[in-house]
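A.B. asks: Have a look at this one.
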Amino acid sequence: MKRVEAKIEGNEKEDPASEPDKDPNTWLIEAKLDEDVLGWETIQLEFQSAEIEAEIVESSMSEPNRFTIRTSGKSPLKKGNVIHVNIREQSES
0 MKRVEAKIEG NEKEDPASEP DKDPNTWLIE AKLDEDVLGW ETIQLEFQSA
50 EIEAEIVESS MSEPNRFTIR TSGKSPLKKG NVIHVNIREQ SES
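Here it is as structure tokens:
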């Protein structure tokens, strides 16, 4: 497992019509890791709930250094804030 920092790039309300559950209280936090991650398509991201301050529904990587966290409820994170991310390879237990 490796721990890296990520800078928040956005925290926007999700359009409820864009998701199957149509939840009106869903938010998308977009962030950029401070380094590229090899094998980013298959890693697991772990977050510190105290830093997010909202219920994490799911997260996904979109590039070697970018990810999105979907939350239920709004997180107070703003553009420029830094969070810590644990990166775990699928083979780690």
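Going by numbering that gives the first Met the number 0, the residue at position 51 of the sequence shown is 50; the numbering climbs one at a time, nothing skipped. C-beta atoms are modelled at their ideal positions from N, C-alpha and C, and glycine is treated no differently.
Does Ala-49 pass the burial test, meaning 16 or more other C-beta atoms within 10 Å, or should it be called exposed?
C.D. replies: Label assigned to Ala-49: exposed.
A.B. asks: Just the Cα atoms here: how many angstroms apart are Glu-13 and Asp-22?
C.D. replies: Cα-Cα distance, rounded: 9 Å.
A.B. asks: Pick helix, strand or coil for Glu-50, following the three-state DSSP scheme.
C.D. replies: Glu-50 falls in the helix class under three-state DSSP.
A.B. asks: Alpha carbon to alpha carbon, how far is Leu-37 from His-83? Give it in angstroms, no decimals.
C.D. replies: For His-83 and Leu-37, the distance between alpha carbons rounds to 18 Å.
A.B. asks: Could you say which of Leu-44, Pro-63 and Leu-32 lies nearest to Val-56 if we only look at CA atoms?
C.D. replies: Ranking Leu-44, Pro-63 and Leu-32 by Cα distance to Val-56 puts Leu-44 first.
A.B. asks: Could you tell me if Ala-16 is buried or exposed, where buried requires 16 or more neighbouring beta carbons within 10 angstroms of its beta carbon?
C.D. replies: Classification for Ala-16: exposed.
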